Amino acid sequence: MNPITEAELHAFVDGQLTPERHREIEAQLSQRPEEAQRAQSYREQRRALHALFDPVLDEPVPQRVRHAAQPRARWAVQRWAAGIAIALVSGAAGWGLHGALQPASTLAIAPFAKRAAIAHAVYTPEQRRPVEVDAAHEDQLVTWLSKRMGAPMKPPHLQALGYELEGGRLLPGGQGPVAQFMYRDAGGRRLTLYVSNEVGEPSQGASGARKTNDETAFRFAREGQLNVFYWVEGRFGYAISADADKPVLADVSNEVYRQLAKGATPD
Amino acid sequence: MTPNDQLLLTWVPRLRRYARALAGNRADADDLVQDTLERAWSRAGLWRGVSDMRGWLFSIMHNLHVDGVRRPRVATQAMDDDTPEIAVAPTQGERLAVLDLQAAIDLLPIEQKEIVLLVALEDMSYAEVASTLGIPIGTVMSRLSRGRERLRALMDGRAAPVRLTVVK
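What follows is the structure in structure tokens.
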């Protein structure tokens, strides 16, 4: 019979030997008290580790972990998205999407969009501290904002449109945290994406008629020099603000849409 | 592996068990699990090429843990502090042993700890451990051997760290 190697002793403990070799070693161990003692001790370690940590298997899973395990449904775009996206593409070319895009003049700007515009105006002039966590630490930014917002918050990538992610920050909204992602183009002009999870608030909606949470009309508003596109999806409100022309913003909105939709159904 | 909405959810309990053993406390462990899941989703495009989902997920967790990738501590709070912690409440004698084991594991070098835990808790084959951690199988065996022997010494009080004898 072959002597027992160190690796075999462990494989014996872990049940990773062939049945023949397992039996051989079992027989040999009766003659080798030191190794038999070690095998016994390692077996005991396995048992004790299970006793200590198996209860975790039955614990209720914390909500933030459950959220993270599920697809980015919060970023999801519903069926209407495709239609809107196409409308925006044609809008960028001809800017004639009266159906999908309602001018703000006929509607009061949503409170969250107003806050988005203010946040844009406050933070975009910052040269030194435009963001709280910069794009070099995007992983941390994502996990942090996702955790605080209670849903995955991954900034869309807009390089193709000439906007680089600068980073993001957490801001106080009307009732809780909101997330702001900041981008800048080659000329240093900034664009922000503002995500609020409190659009279900009763004050929401024009003319006192509260919109339902899944209200999804695409809106455009102008605040001074600032153009704001915003829309609501589920309990989230999204606002894209920039001192840029409408077609540029439309392109950006379209791209943000596309990426949110993609996040919902990973390919 | 075809992406589907529930796929990751089924792995959550086991990821949490391993993370708890690795991180030593609930909050850090769940941070690690959350980071792992988010990274897995961000790479959902790769799922089709993944034949061993468990190995892939544990490998992500390993990398995150080793890199020490952590969210900025100062700005975060657990949002579910009200979720009850399940107390381990065995008999008095067992409880002492259990506490000793936790302390002893925390004293293992990370590279030994991971292997001891994956083999014991996940019942991974040595080849699976090697591929999950991206190291040769010979290294797995030598670290497993050293880790278990050190754990045994710690539990026997031969490598007496103070913490092992605190609980009376």
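Protein sequences appear in the order of chains H and P. Number 272 marks the last residue of the first sequence (this note's numbering); no jumps. Number 1225 marks the last residue of the second sequence (this note's numbering); no jumps. Glycine included, C-beta positions come from ideal geometry on N, C-alpha and C. Since this is a predicted model, take the numbers as computed values, not measurements.
* Asked: H:Gln45 lies in the beta strand (DSSP E); which residues open and close that run?
  -> Within the first sequence, the letter at position 40 stands for residue 45 of chain H. First-last for H:Gln45: 38-58, but that is the alpha helix (DSSP H), not the beta strand (DSSP E).
Using a cut-off of 9 Å between C-beta atoms, extract the partners of P:Leu1174 located in chain H. Here the question's residue 1174 of chain P lines up with position 117 in the second sequence. Simply Leu54, Phe58.
Practice prompt. State whether the stretch 124-137 of chain H contacts the stretch 1069-1083 of chain P, with contact taken as three or more CB pairs (one from each stretch) at a distance under 8 Å.
Written response: no
Measure the C-alpha to C-alpha separation of H:Tyr47 and P:Leu1211 and round it to an integer number of angstroms.
Indexing the first sequence from 1 puts residue 47 of chain H at position 42. Indexing the second sequence from 1 puts residue 1211 of chain P at position 154. Roughly 13 Å separates the two Cα atoms.
Distance between H:Gly167 and H:Arg189 (C-alpha atoms, nearest Å): Walking along the first sequence from the start, residue 189 of chain H turns up at place 184. Walking along the first sequence from the start, residue 167 of chain H turns up at place 162. Roughly 8 Å separates the two Cα atoms.
| message | Is H:Arg69 close to chain P? Criterion is C-beta to C-beta, closer than 8 Å. | response | Taking the first sequence and counting its residues from 1, one reaches residue 69 of chain H at position 64. True, the Cβ-Cβ gap to chain P drops below 8 Å.
Which residues of the stretch 1077-1093 of chain P have a Cβ closer than 7 Å to any Cβ of chain H? Give them in chain order.
Arg1077, Ala1078, Asp1087, Val1090, Gln1091, Asp1092
> Nearest-angstrom Cα distance between H:Gly242 and H:Ala141?
Replying inline: Working through the first sequence from its first residue, we reach residue 242 of chain H at position 237. Working through the first sequence from its first residue, we reach residue 141 of chain H at position 136. When rounded, the distance between both Cα atoms is 26 Å.
Quiz prompt | Outcome for H:Asn259 when other beta-carbon atoms lying within 10 angstroms are tallied against a minimum of 16 | solution = Stepping through the first sequence from its first residue, residue 259 of chain H is reached at position 254. H:Asn259 should be labelled buried.
In terms of alpha-carbon separation, which member of P:Asn1120, P:Ser1099, P:Leu1114 lies closest to P:Pro1070? What you label residue 1070 of chain P is simply residue 13 of the second sequence in a count that begins at 1. Ranking the options by Cα distance to P:Pro1070, first place goes to P:Leu1114.
Interface partners of H:Gln21 on chain P, CB under 8 Å:
For the purposes of this step, residue 21 of chain H is taken as the residue at position 16 of the first sequence. The answer, in chain order, is Ser1182, Tyr1183.
If distances are taken between C-alpha atoms only, which option among H:Ile30, H:Gln50, H:Val70 comes closest to P:Leu1066? Taking the first residue of the second sequence as position 1, residue 1066 of chain P is located at position 9. Comparing Cα-Cα distances from P:Leu1066 to each of H:Ile30, H:Gln50, H:Val70, the minimum goes to H:Val70.
Report task. Compare the C-beta of P:Met1118 against all C-beta atoms of chain H and say whether one is closer than 8 Å. Result -> Counted from its first residue, the second sequence places residue 1118 of chain P at position 61. No, P:Met1118 does not count as interfacial toward chain H.
How about the stretch 148-158 of chain H and the stretch 166-181 of chain H: do they share at least three Cβ pairs that are nearer than 8 Å? yes
Discussion item. What would DSSP say about P:Leu1165, mapped onto helix, strand or coil?
Written reply: One-based indexing of the second sequence puts residue 1165 of chain P at position 108. Correct three-state label for P:Leu1165: coil.
Checklist entry - Name the DSSP bridge partner or partners of H:Glu238? => result Along the first sequence, read from residue 1 onward, the residue named residue 238 of chain H stands at position 233. H:Glu238 is bridged to H:Phe241.
Notebook entry, point to check: Which residues in the same chain as H:Thr10 place their Cβ atom closer than 8 Å to its Cβ, once the five residues preceding and following it in sequence are excluded?
Noted result: Stepping through the first sequence from its first residue, residue 10 of chain H is reached at position 5. For H:Thr10, where only same-chain residues beyond five positions count, there are no Cβ hits under 8 Å.
query: For H:Pro38, which residues in chain P fall below 7 Å Cβ to Cβ?
result: In the first sequence, residue 38 of chain H corresponds to position 33, counting from 1. The premise fails here: H:Pro38 is roughly 15 Å from chain P at the closest Cβ pair, so nothing lies under 7 Å.
Checklist entry - Can a CB atom of chain H be found closer than 8 Å to the CB of P:Arg1203? => result Along the second sequence, one-based indexing puts residue 1203 of chain P at 146. So no, P:Arg1203 is outside the interface.
| Would you call the CB atoms of P:His1119 and P:Leu1190 closer than 8 Å? | In the second sequence, counting from the first residue as 1, residue 1119 of chain P sits at position 62. In the second sequence, counting from the first residue as 1, residue 1190 of chain P sits at position 133. Result yes, Cβ atoms of P:His1119 and P:Leu1190 sit closer than 8 Å.
Please go through the same chain and pick out, in chain order, the residues whose beta-carbon is closer than 7 Å to the beta-carbon of P:Glu1168, but skip the five residues on each side of it. The count along the second sequence starts at 1 and reaches residue 1168 of chain P at position 111. Once the five neighbours on either side are set aside, the close Cβ partners of P:Glu1168 are Arg1200.
* Asked: What three-state label does DSSP hand H:Arg194 in the structure shown?
  -> In the first sequence, the residue the question calls residue 194 of chain H occupies position 189. Coil.
Taking beta-carbon pairs under 9 Å, can you tell me which members of the stretch 154-167 of chain H lie near chain P? Gly155, Pro157, Lys159
- Message: Let me confirm a value: H:Gln36 is counted as buried when at least 16 other C-beta atoms fall within 10 Å, else exposed. Which label applies?
- Response: The count along the first sequence starts at 1 and reaches residue 36 of chain H at position 31. Exposed, by the Cβ-count rule.
(request) Could you tell me the distance, in whole angstroms, from the CA atom of P:Pro1166 to the CA atom of H:Met187? (result) As a working note, residue 1166 of chain P is residue 109 in the second sequence. As a working note, residue 187 of chain H is residue 182 in the first sequence. Approximately 41 Å between the Cα atoms of the pair.
message = For chain H, check one thing: does any of its Cβ atoms lie closer than 8 Å to the Cβ of P:Trp1098?
response = Indexing the second sequence from 1 puts residue 1098 of chain P at position 41. Answer yes: the Cβ-Cβ gap between P:Trp1098 and chain H drops below 8 Å somewhere.
| message | So, for H:Ile30: in the same chain, excluding its five sequence neighbours on each side, which residues have a beta-carbon less than 8 Å away from its beta-carbon? | response | Residue numbering aside, residue 30 of chain H sits at position 25 when the first sequence is read from its first letter. For H:Ile30, where only same-chain residues beyond five positions count, the Cβ hits under 8 Å are Ile9, Glu13, Leu14, Phe17, Leu22.
### Message
Please list, in chain order, the chain H residues whose beta carbon lies closer than 9 Å to that of P:Pro1052.
### Response
Residue 1052 of chain P is absent from the structure shown; chain P starts at 1058 and stops at 1225.
Mind checking P:Arg1105: buried by the 16 CB within 10 Å criterion, or exposed? In the second sequence, the residue the question calls residue 1105 of chain P occupies position 48. Exposed, by the Cβ-count rule.
H:Val233 (DSSP reduced to helix, strand or coil): Here residue 233 of chain H is taken as the residue at index 228 of the first sequence, counted from 1. Reduced to three states, the DSSP call for H:Val233 is strand.
For P:Leu1079, the first and last residue of its enclosing alpha helix (DSSP H) = On the second sequence, position 22 is the one that residue 1079 of chain P refers to. 1064-1080 is the extent of the alpha helix (DSSP H) around P:Leu1079.
Practice problem: Give, in chain order, every residue of the stretch 173-200 of chain H whose Cβ lies closer than 8 Å to some Cβ of chain P. | Solution: Leu175
Since P:Glu1095 meets chain H, which of its residues come closer than 9 Å, beta carbon to beta carbon?
-> On the second sequence, residue 1095 of chain P is found 38 positions in, with the first residue counted as 1. By Cβ distance, chain H contributes Ala73, Asp144, Val147, Thr148, Ser151, Pro157, Lys159.
query: Does any residue of chain P bring its CB to less than 8 Å from the CB of H:Pro76?
result: Counting from one through the first sequence, the residue named residue 76 of chain H turns up at place 71. It does: the Cβ of H:Pro76 has a partner Cβ on chain P nearer than 8 Å.
message: Give me the chain P residues within the contact set of H:Tyr243, using Cβ-Cβ distance strictly less than 7 Å, ordered along the chain.
response: Position 238 of the first sequence, counting from 1, holds the residue named residue 243 of chain H. Correct list: empty, because the minimum Cβ distance to chain P is about 19 Å.
Beta-bridge pairing of H:Gln185 - partner residues as DSSP gives them:
What you label residue 185 of chain H is simply residue 180 of the first sequence in a count that begins at 1. Beta-bridge pairing links H:Gln185 to H:Arg174, H:Tyr199.
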